[in-house]
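Data block below; observations after.
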Amino acid sequence: MSPRRSAADARETRQRILDLSLGIASAEGLEGLTIGRLAAELGMSKAGLLGHFGTKEALQLAVVDEAAAVFQREVPGRVRQAPSGLRHLRAVCEAWVSYLERNVLPGGCFFTAATAEFDGRRGPVRDALAGMNALWRRDLRIHIRRAVSFGELPPDTDVDQLIYDLLGVMLALNHFLQLERDPAAPHRARRSLDRLLGGR
Numbered sequence: 051m052s053p054r055r056s057a058a059d060a061r062e063t064r065q066r067i068l069d070l071s072l073g074i075a076s077a078e079g080l081e082g083l084t085i086g087r088l089a090a091e092l093g094m095s096k097a098g099l100l101g102h103f104g105t106k107e108a109l110q111l112a113v114v115d116e117a118a119a120v121f122q123r124e125v126p127g128r129v130r131q132a133p134s135g136l137r138h139l140r141a142v143c144e145a146w147v148s149y150l151e152r153n154v155l156p157g158g159c160f161f162t163a164a165t166a167e168f169d170g171r172r173g174p175v176r177d178a179l180a181g182m183n184a185l186w187r188r189d190l191r192i193h194i195r196r197a198v199s200f201g202e203l204p205p206d207t208d209v210d211q212l213i214y215d216l217l218g219v220m221l222a223l224n225h226f227l228q229l230e231r232d233p234a235a236p237h238r239a240r241r242s243l244d245r246l247l248g249g250r
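Residue numbering for the sequence shown follows the numbering used here, starting at 51 and increasing by one per position.
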């Protein structure tokens, strides 16, 4: 086998591990990732699986990165062409609702589940989750401030409060979809967003 083919096979195997791990972690938490379980489901040896990551913590961190890549593709990545300002903020929020509504991951919002699992701990995984959440709040802050500067939101808009409220809507949506299995939850989330961002 050529070195190039060998490297491609290694990347493909690593991606298979990440895809399975992300699905499990979204539904059962990052602690649900055991090397034995993953190896058995993928038909690999434990040593072979660990060879791609080294430690369970390194695997967990890689899953956090993979979850961020999926979210980036499914939410901001879907609305890149939306005009700047309030229309972009609305488009981002609609893509966010759609992401949860379409059940892209079997357990709903990975970051909601993982944050609840790790928010009271210390260490690299908790720090990675906090960092990803901070980056997303930064992006929302940029969109809100642009909408204010364009005169599309009131000049006295409390940006941090609006971010808090938007996150609250999405946390509630994830809860009602995952725990309550409420089919009306996306509609309720959209109504809440209209109240926060102004009706169309």
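A virtual CB, placed ideally from N, CA and C, is assigned to each residue, including glycine.
Note that this is a predicted model, so its numbers are computed, not measured.
Below 8 Å on the Cβ atoms is my contact criterion, and I expect residue i with residue j to pass it. Report the Cβ-Cβ distance as a whole number of Å.
i: Leu109; j: Leu83; result: 6 Å
i: Val129; j: Val147; result: About 12 Å separates the two Cβ atoms, so there is no contact after all.
i: Ala235; j: Leu227; result: 5 Å
i: Val154; j: Val120; result: 7 Å
i: Ile213; j: Arg187; result: 6 Å
Tell me whether the beta-carbon of residue i lies closer than 8 Å to the beta-carbon of residue j.
i: Ala163; j: Ser71; result: no
i: Glu167; j: Gly79; result: yes
i: Ala197; j: Leu139; result: yes
i: Leu150; j: Leu223; result: yes
i: Phe200; j: Leu179; result: no
i: His102; j: Thr63; result: yes
Using 7 Å as the cut-off, classify the Cβ of residue i as near or not near the heavy atoms of the ligand ATP, replying yes or no.
i: Ala141; result: Annotation note on the ligand ATP: not contained in the displayed structure, which lists no ligands.
What three-state label does DSSP hand residue i in the structure shown?
i: Ser148; result: helix
i: Asp59; result: helix
i: Ser199; result: helix
i: Gly220; result: For the sequence presented, residue 220 should be read as Met rather than Gly. In the structure shown, Met220 sits in a helix (DSSP, three-state: H, G or I).
i: His237; result: helix
i: Thr165; result: helix
i: Val125; result: coil
Pair every Cβ in the region 58-74 with every Cβ in the region 113-124, then say whether three or more of these pairs are closer than 8 Å. Result yes; three or more Cβ-Cβ pairs closer than 8 Å.
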